[in-house]
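Going line by line, the protein sequences match chains P and S. Numbering-wise, the first sequence is residues 198 to 358 according to my numbering. Numbering-wise, the second sequence is residues 103 to 544 according to my numbering. Below is one structure, written out as structure tokens; the observations come after it.
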Amino acid sequence: MKAPVKPAIEESGDALTRRRMLSWFSGFGLFGSLIITAFSNLIFIKPRATYGQPNRFSIGKPEEFPSGARVSLDERRVCIVREGDKIAAISTTCTHLGCIVSVSETGFACPCHGSRYDQDGNVTGGPAPRALPWYQVRLAPNGEIEVDKDAEIEAGSYLRV
Amino acid sequence: MSSQTTSSSWKSLVALPENIWRSIFRNPLPSSDLGRASTSFTNFFLHLHPVKVHRHSLKATFTLGLGLISFFLFFILVVTGILLMFYYVPSTTQAYDRMLDLRGTVAFGIFLRNMHRWAAHGMVAAVFLHMCRVFLTGSYKPPREFNWVLGVFLLLVTLFMSFTGYLLPWDQLAFWAITVGTSIASYAPLVGKQVKFILLGDTTVGQEALLRFYVLHVAVLPAVLSLLVAIHFWRIRKDGGLSRPEEEDSLPAETPATVEVLQGPAVVMATSPAAAAAAAPLIPKRHYGIQGLVRGPFTKVGNVPDRSVFSWPNLFMAELVVFLITVAGVLIVSLFFNAPLEQPVNVMHPPNPAKAPWYFLGLQEQVSYSAFWGGVGIPTIEVLLLLLVPYIDRKIVGVGRWFARERLLANFLFLTFVIVNVLLIVIGTFFRGPNWEFVSPW
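Pasting the structure below:
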């Protein structure tokens, strides 16, 4: 059988034929759709709302925390610290592997792998790689203290009440 | 109605059982080489295998059956896993009670859970040992590079399967192992926190995490694993069967090749008149050729003297034996040892020390030295190196032999990697006590 004679324009190779251009477009379209699909799935499985503990919550009136108090709210995984008229919330989730640290004489201590922190959450020993984060605390209009675990603030910044 | 029709109907009726049987199984139990060949490729399950297999591939001392064991353990896991799904509820309020029900009221419940748990641990070990076998026999060399890559992914998926299953009993062990494990993941730069959040569906391990792990464990990962296994098996054949030393192919055949594949219209495959008679129904319309192995140097089926034997019964019997040993092993272990079940989850009271599943304890041990390097940096480098091994070390020497002299350096490096990781796991498992301090197990 005789091979069909190719048009000269295809033989030149570099020339942009209609067929080649269409192939590029369809390939681009298909591949693009694939990426968009994969990305949409990723967006889908990343929850917009969580059903567990809310990250912003009220912990009661400032009076409930007398000066010098270091109250660990285990369920909220946060420790409320009050010194004079200054109040702050320090995370009690160990920065090592996520266990709950307990309040100790010198600050915080993790029961899982022995990380130790000082009163301000700075690492003093053990495998913890970072200091415990501080969360934003503000006074809600109803006079209660609100902790926002989505907002990390600089260690040592207190709310004056 | 003529008597002829009646008698023919009667004959059909008499032949009914045999006809039904033969419509399902095309061949009688083979007694000739042609029969053995056609049995292999007319049966759906057997046609995954080559018609003939090299003697070297059947050596138990060469493969140790580790790939088969991994696959059969996966099979056991699928069966027991589906059965367990009938009673399990992925809910933080119910999951633990269901575990107690399995132990207390469900018939064979505790036994099925034991089988599932021990087969899972066994599979992690078997897949890892299979990787060691493949490396130490130089079987990842061209043309098998990509199958090695698939194998590395299979190891990772197996680990992830086991890890997602670990959470489902919702006891203290499960909760803290996953808390620790996902925290390790969050050490990854840039995406670490996001990965942890998507994995858990929340900032901490809770109901969302349980549901997500359940879906991954029973649907997503088994599907991925099955697909990868299918490609892995398919590639074994397309890459020319299991690896073997080149000199194996030049050895004189012990028995003359019994199958001849001729080019052209006539197909001669039988060796005796009796076999030819048995083969008669197969011959008229179609030409059955033995499907030779695909790649150049490995294609030895045909008129070349070879050392291959028919898969029926040699390979199939070997597979059956490995299957029975695997099942027996899982049954025996499940009879004598119960899968651990600790107290129900108490978020306020982490155990001291909180440990990840054993195969991640090497990782956790590394993390105790350096969070980023131990948990993310080094593991990533290790996986990348494993993936790249067949593209770096391409010289085809010492293939198909254990600890080949020519591969001293490669084997030495690989064994170092294995021993270091095993040591880390042993230290993390037995030598780490409260506060992750060094303790002696004695």
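Beta carbons: idealized from backbone N, C-alpha and C, even for Gly.
Original post:
Quick one: is residue 271 of chain P near chain S, going by C-beta distance under 8 angstroms?
Top reply: In the first sequence, counting from the first residue as 1, residue 271 of chain P sits at position 74. With 8 angstroms as the cut-off, residue 271 of chain P counts as an interface residue toward chain S.
Subject >> Runs of alpha helix (DSSP H) wholly within the region 190 to 218 of chain S (minimum 4 residues, chain order) >> reply: Listed in chain order, the complete alpha helix (DSSP H) runs (minimum 4 residues) inside the region 190 to 218 of chain S are 197 to 206.
Subject >> Minimum Cβ-Cβ distance from residue 318 of chain P to chain S less than 8 angstroms >> reply: Working through the first sequence from its first residue, we reach residue 318 of chain P at position 121. Output row for residue 318 of chain P: interface = no.
Original post:
Leaving out the 5 sequence neighbours to the left and right, which residues in its chain are closer than 7 angstroms to residue 352 of chain P when beta-carbon positions are compared?
Top reply: What you label residue 352 of chain P is simply residue 155 of the first sequence in a count that begins at 1. Cβ neighbours of residue 352 of chain P within its own chain (closer than 7 angstroms, five residues either side excluded): 317, 318, 328 and 331.
Original post:
Quick one: which chain S residues come within Cβ less than 9 angstroms of residue 252 of chain P?
Top reply: Against the first sequence, residue 252 of chain P aligns to sequence position 55. Taking the beta carbon of residue 252 of chain P as reference, the chain S residues within 9 angstroms of it are 305, listed in sequence order.
Original post:
So, does the CB of residue 537 of chain S fall closer than 8 angstroms to a CB anywhere in chain P?
Top reply: Locating residue 537 of chain S in the second sequence gives position 435, where the first residue counts as 1. Contacts with chain P at 8 angstroms (Cβ-Cβ) include residue 537 of chain S.
Original post:
Cβ atoms of residue 243 of chain P and residue 300 of chain S: under 8 angstroms apart, would you say?
Top reply: In the second sequence, counting from the first residue as 1, residue 300 of chain S sits at position 198. In the first sequence, counting from the first residue as 1, residue 243 of chain P sits at position 46. Going by C-beta atoms, residue 300 of chain S is nearer than 8 angstroms to residue 243 of chain P.
Subject >> Per-residue burial, residue 469 of chain S [other beta carbons within 10 Å of its own, 16 or more giving buried] >> reply: On the second sequence, residue 469 of chain S is found 367 positions in, with the first residue counted as 1. Result: buried.
Subject >> Closest residue to residue 128 of chain S among S/118, S/144 and S/113 (Cα-Cα distance) >> reply: The sequence position of residue 128 of chain S within the second sequence is 26, counting from 1. Comparing Cα-Cα distances from residue 128 of chain S to each of S/118, S/144 and S/113, the minimum goes to S/144.
**OP:** Return the first residue and the last residue of the alpha helix (DSSP H) that residue 59 of chain S is part of.
**Re:** Here chain S has residues from 103 to 544 only, and residue 59 of chain S is not among them.
Subject >> Inter-residue Cα distance where the pair is residue 174 of chain S and residue 428 of chain S >> reply: The residue given as residue 174 of chain S occupies position 72 in the second sequence. The residue given as residue 428 of chain S occupies position 326 in the second sequence. Taking the straight line from one Cα to the other gives about 7 angstroms.
**OP:** Flag residue 297 of chain S as yes if its beta-carbon sits less than 8 angstroms from any beta-carbon of chain P, otherwise no.
**Re:** For this step, residue 297 of chain S is matched to residue 195 along the second sequence. No - not a single Cβ of chain P is within 8 angstroms of the one on residue 297 of chain S.
Subject >> 7 angstroms CB neighbourhood of residue 333 of chain S in its chain, flanking five on each side removed >> reply: Against the second sequence, residue 333 of chain S aligns to sequence position 231. Cβ within range, chain order: 252.
**OP:** Enumerate in chain order the residues of its own chain whose CB-to-CB distance from residue 498 of chain S is below 7 angstroms, with the five nearest sequence positions on each side excluded.
**Re:** By 1-based counting over the second sequence, the position of residue 498 of chain S is 396. Hits under 7 angstroms: 243 and 244.
Original post:
Bridge partners of residue 280 of chain S, per DSSP?
Top reply: Residue numbering aside, residue 280 of chain S sits at position 178 when the second sequence is read from its first letter. Residue 280 of chain S pairs with nothing; no bridge assigned.
Original post:
Nearest to residue 460 of chain S by CA position, among S/209, S/132, S/240 and S/529, is which residue?
Top reply: Translated into positions along the second sequence, residue 460 of chain S becomes position 358. Of all alpha-carbon atoms in S/209, S/132, S/240 and S/529, the one lying nearest the alpha-carbon of residue 460 of chain S is that of S/529.
Original post:
In terms of DSSP beta bridges, what is residue 285 of chain P paired with?
Top reply: Locating residue 285 of chain P in the first sequence gives position 88, where the first residue counts as 1. Assignment of beta-bridge partners to residue 285 of chain P by DSSP yields P/278.
**OP:** Give the DSSP-derived three-state secondary structure of residue 449 of chain S in the structure shown.
**Re:** Stepping through the second sequence from its first residue, residue 449 of chain S is reached at position 347. In this structure, residue 449 of chain S counts as coil in the three-state DSSP scheme.
**OP:** Have a look at S/184, S/419 and S/509 and flag the residue whose alpha-carbon is nearest the alpha-carbon of residue 316 of chain S.
**Re:** Here residue 316 of chain S refers to the residue found at position 214 when the second sequence is read from its first residue. Residue 316 of chain S has its Cα closest to that of S/184, out of S/184, S/419 and S/509.
Original post:
When the Cα atoms are used, what is the spatial distance from residue 413 of chain S to residue 112 of chain S?
Top reply: The residue you call residue 413 of chain S lines up with position 311 of the second sequence. The residue you call residue 112 of chain S lines up with position 10 of the second sequence. So the alpha carbons of these two residues sit roughly 39 angstroms apart.
**OP:** May I ask you to report which of helix, strand or coil DSSP gives residue 292 of chain P?
**Re:** Here residue 292 of chain P corresponds to residue number 95 of the first sequence, with the count starting at 1. For residue 292 of chain P, the three-state secondary structure derived from DSSP is coil.
Original post:
Any idea what DSSP makes of residue 273 of chain S, helix, strand or coil?
Top reply: Here residue 273 of chain S refers to the residue found at position 171 when the second sequence is read from its first residue. Correct three-state label for residue 273 of chain S: strand.
Original post:
Beta-carbon of residue 448 of chain S versus every beta-carbon of chain P: anything under 8 angstroms?
Top reply: The sequence position of residue 448 of chain S within the second sequence is 346, counting from 1. With respect to chain P, the C-beta atom of residue 448 of chain S has no partner C-beta closer than 8 angstroms.
**OP:** Take residue 247 of chain P as the anchor and find which of S/278, S/168, S/308 and S/135 has the nearest alpha-carbon.
**Re:** Locating residue 247 of chain P in the first sequence gives position 50, counting from the first residue. Each of S/278, S/168, S/308 and S/135 was checked against the Cα of residue 247 of chain P, and the nearest Cα belongs to S/308.
Subject >> Coil, strand or helix - residue 405 of chain S by DSSP >> reply: Position 303 of the second sequence holds residue 405 of chain S. In this predicted model, residue 405 of chain S has a pLDDT of only 44, less than 50, meaning its place in the structure is not dependable enough to derive any value.
Original post:
Could you check where the beta strand (DSSP E) with residue 155 of chain S kicks off and where it finishes?
Top reply: In the second sequence, counting from the first residue as 1, residue 155 of chain S sits at position 53. For residue 155 of chain S, the enclosing beta strand (DSSP E) has its first and last residue at 154 to 156.
**OP:** Return yes when the Cβ of residue 309 of chain P is within less than 8 angstroms of the Cβ of residue 452 of chain S, no when it is not.
**Re:** Within the second sequence, the letter at position 350 stands for residue 452 of chain S. Within the first sequence, the letter at position 112 stands for residue 309 of chain P. Yes. Within cutoff.
Original post:
Name the chain S residues whose beta carbon is nearer than 8 angstroms to that of residue 294 of chain P?
Top reply: The residue labelled residue 294 of chain P in the question sits at position 97 within the first sequence. Within 8 angstroms Cβ-Cβ: 281, 282, 285, 286, 456, 466 and 469.
Original post:
Name the chain P residues that come within less than 7 angstroms of residue 300 of chain S, Cβ to Cβ?
Top reply: Against the second sequence, residue 300 of chain S aligns to sequence position 198. Correct list: 242 and 243.
Original post:
What's the call for residue 448 of chain S, buried or exposed, on a 16-neighbour Cβ count within 10 Å?
Top reply: As a working note, residue 448 of chain S is residue 346 in the second sequence. With fewer than 16 other beta carbons inside 10 angstroms of its own, residue 448 of chain S counts as exposed.
Original post:
Considering only C-alpha positions, which residue in the set S/153, S/132 and S/136 is nearest to residue 142 of chain S?
Top reply: Here the question's residue 142 of chain S lines up with position 40 in the second sequence. Nearest to residue 142 of chain S by C-alpha distance, out of S/153, S/132 and S/136, is S/153.
**OP:** Provide the residue(s) that pair with residue 254 of chain P in DSSP beta bridges, ordered along the chain.
**Re:** The count along the first sequence starts at 1 and reaches residue 254 of chain P at position 57. DSSP lists P/344 as partners of residue 254 of chain P.
Original post:
When the cut-off is 8 angstroms and only beta carbons count, does residue 308 of chain S lie next to chain P?
Top reply: Within the second sequence, residue 308 of chain S is the residue found at index 206, counting from 1. Residue contact with chain P for residue 308 of chain S: present (Cβ-Cβ distance below 8 angstroms to some residue of chain P).
Original post:
Going straight from the alpha carbon of residue 435 of chain S to that of residue 220 of chain S, what length do you get?
Top reply: Stepping through the second sequence from its first residue, residue 435 of chain S is reached at position 333. Stepping through the second sequence from its first residue, residue 220 of chain S is reached at position 118. Residue 435 of chain S and residue 220 of chain S: Cα-Cα distance of roughly 7 angstroms.
**OP:** Have a look at residue 268 of chain P and residue 249 of chain P and give me their C-alpha separation to the nearest angstrom.
**Re:** As a working mapping, residue 268 of chain P is identified with position 71 in the first sequence. As a working mapping, residue 249 of chain P is identified with position 52 in the first sequence. Per the coordinates, the alpha-carbon of residue 268 of chain P lies some 22 angstroms from the alpha-carbon of residue 249 of chain P.
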